[in-house]
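The structure appears below as structure tokens.
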Amino acid sequence: MSMQSRPWPQVPELTAQVARAVAARGPYPLAMRVRDELGELFPDTEFAEAFAERGRPGWSPGQLALVTVLQFVENLTDRAAAHRVRYGMDFKYALGLSNTPSPRSR
Numbered sequence: 000m001s002m003q004s005r006p007w008p009q010v011p012e013l014t015a016q017v018a019r020a021v022a023a024r025g026p027y028p029l030a031m032r033v034r035d036e037l038g039e040l041f042p043d044t045e046f047a048e049a050f051a052e053r054g055r056p057g058w059s060p061g062q063l064a065l066v067t068v069l070q071f072v073e074n075l076t077d078r079a080a081a082h083r084v085r086y087g088m089d090f091k092y093a094l095g096l097s098n099t100p101s102p103r104s105r
């Protein structure tokens, strides 16, 4: 795997609207608070030395690190964390992912 360092994506407007509407039903989710207050918590450049310069690009190590931290804090299994990334609006918001499923996740 190689890494192509890039800044975290902005939260898509539709994702932000839906996530805020869902969050309004109860306490503001930790994942969304982290994104709002800390922004790009783990920049990819922090992980550059751990990756090769050639090869197939991997997932953003900064985003994977954030998922790992949230997984630990919320006491989620690997499967539950993956489910939250795929379907949880709070995780999608924190990672700047689109509200619509990608062809890869179907």
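Okay, so the sequence shown: first residue is 0 according to numbering that gives the first Met the number 0, each after it adds one.
Glycine included, every Cβ here is placed at the ideal spot set by N, Cα and C.
Owing to the predicted nature of the structure, the values given are computational and were not obtained by experimental measurement.
Check: Sub-8 Å separation of Asp77 and Ser59 beta-carbons; Outcome: no
Check: Gln9 burial status per 10 Å Cβ neighbour count (16 or more: buried); Outcome: exposed
Check: Sub-8 Å separation of Val84 and Val66 beta-carbons; Outcome: yes
Check: Contact belief for Ala93 with Arg24 at Cβ below 8 Å, rounded distance in angstroms; Outcome: At roughly 18 Å, the Cβ-Cβ gap does not stay under 8 Å, so Ala93 and Arg24 are not in contact.
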